[in-house]
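What follows is a set of notes on a single structure, which appears directly below.
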Amino acid sequence: MKKVILAATLFSLITGGNALAAKEKETQTQQFVIYYVNIQEIINESDKGKQAKAILESKITKAREEIKKREQEINKLKEELRSPVLSAQAKADKETQLQQKIRDLQRYRQDMQIEISNLEKQYTTEIVKDVVNLISNYQKEKKIPMIVEMREAGIIAADPEYDLTKTIIKLYNEQAKQ
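Numbers in my numbering are just positions in the sequence shown, counted from 1, shifted up by 9.
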């Protein structure tokens, strides 16, 4: 009788221990989850990102208008150069003016491209810096083991349940209002 009780006790300890170990391993596996965000989507969809885009588009529109105006001036000078009543000196002066306006237009285009590119980099850098700080604080607050950037991490497919992009956009918009 003692042998049967001892055998039953040993059996329950062994199987119970295995079940407990399996349960513990399952719990550990469930705790380590990798969440992800899409920084580009945050930049595009956040209020600050939309404001930056609007500013850049406004700047681009103004630059295009100025370029169009300068091109019209150049075309007007070209028309004047075709006039048969211009003296040789007047033609030479108009040709000099035309060349100067063409150079000015090229310089203006280059300057605008550089200025807009720098402005875009500035806004993007500022937003990314703010978002990275926000994500870091969120990760600590929620005790999340890891948050990765979707494109940088090379994620091909992921469960949308672990996508924090919309949450971060919402938090970033709230933070920006403060």
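No residue lacks a Cβ here, since even glycine has one placed at the ideal position from N, Cα and C.
To the nearest angstrom, how far is the alpha carbon of residue i from that of residue j?
{"i": "residue 57", "j": "residue 88", "result": "47 angstroms"}
{"i": "residue 111", "j": "residue 148", "result": "55 angstroms"}
{"i": "residue 173", "j": "residue 126", "result": "29 angstroms"}
{"i": "residue 102", "j": "residue 138", "result": "53 angstroms"}
{"i": "residue 194", "j": "residue 67", "result": "Because the chain is modelled from 10 through 187, residue 194 falls outside the range shown and cannot be assessed."}
{"i": "residue 121", "j": "residue 171", "result": "41 angstroms"}
{"i": "residue 131", "j": "residue 69", "result": "16 angstroms"}
{"i": "residue 59", "j": "residue 124", "result": "19 angstroms"}
{"i": "residue 109", "j": "residue 167", "result": "57 angstroms"}
{"i": "residue 17", "j": "residue 146", "result": "For residue 17, the predicted structure reports a pLDDT of 42, less than 50, and the residue's modelled location is therefore unreliable. A value from the coordinates is still provided. So the two alpha carbons sit approximately 52 angstroms from each other."}
{"i": "residue 92", "j": "residue 81", "result": "17 angstroms"}
{"i": "residue 100", "j": "residue 119", "result": "29 angstroms"}
{"i": "residue 134", "j": "residue 169", "result": "27 angstroms"}
{"i": "residue 71", "j": "residue 98", "result": "36 angstroms"}
{"i": "residue 152", "j": "residue 175", "result": "18 angstroms"}
Output yes or no for whether 8 angstroms exceeds the beta carbon distance between residue i and residue j.
{"i": "residue 46", "j": "residue 154", "result": "no"}
{"i": "residue 65", "j": "residue 128", "result": "yes"}
{"i": "residue 95", "j": "residue 107", "result": "no"}
{"i": "residue 73", "j": "residue 114", "result": "no"}
{"i": "residue 143", "j": "residue 187", "result": "no"}
For residue i, count neighbouring C-beta atoms within 10 Å of its own C-beta (all shown protein chains included) and say buried if the count is 16 or more, exposed if not.
{"i": "residue 30", "result": "The predicted model places residue 30 with a pLDDT of 49, which falls under 50 and marks its position as unreliable, so this point remains unresolved."}
{"i": "residue 55", "result": "buried"}
Starting from the C-beta of residue i, find all residues in its chain whose C-beta is less than 8 angstroms away, skip the five residues before and the five after it, and write them out in chain order.
{"i": "residue 164", "result": "45 and 157"}
{"i": "residue 49", "result": "160"}
{"i": "residue 86", "result": "103, 106, 107 and 110"}
{"i": "residue 162", "result": "45"}
Within its chain, find whatever has a CB closer than 7 angstroms to the CB of residue i; leave out the 5 residues flanking it on each side and keep chain order.
{"i": "residue 178", "result": "51, 54 and 55"}
{"i": "residue 140", "result": "48, 51, 177 and 181"}
Just confirm the distance between the C-beta atoms of residue i and residue j, as a whole number of angstroms; I'd bet it's less than 8 angstroms.
{"i": "residue 136", "j": "residue 63", "result": "In fact, because the Cβ distance is near 14 angstroms, the residues do not count as touching under 8 angstroms."}
{"i": "residue 117", "j": "residue 75", "result": "7 angstroms"}
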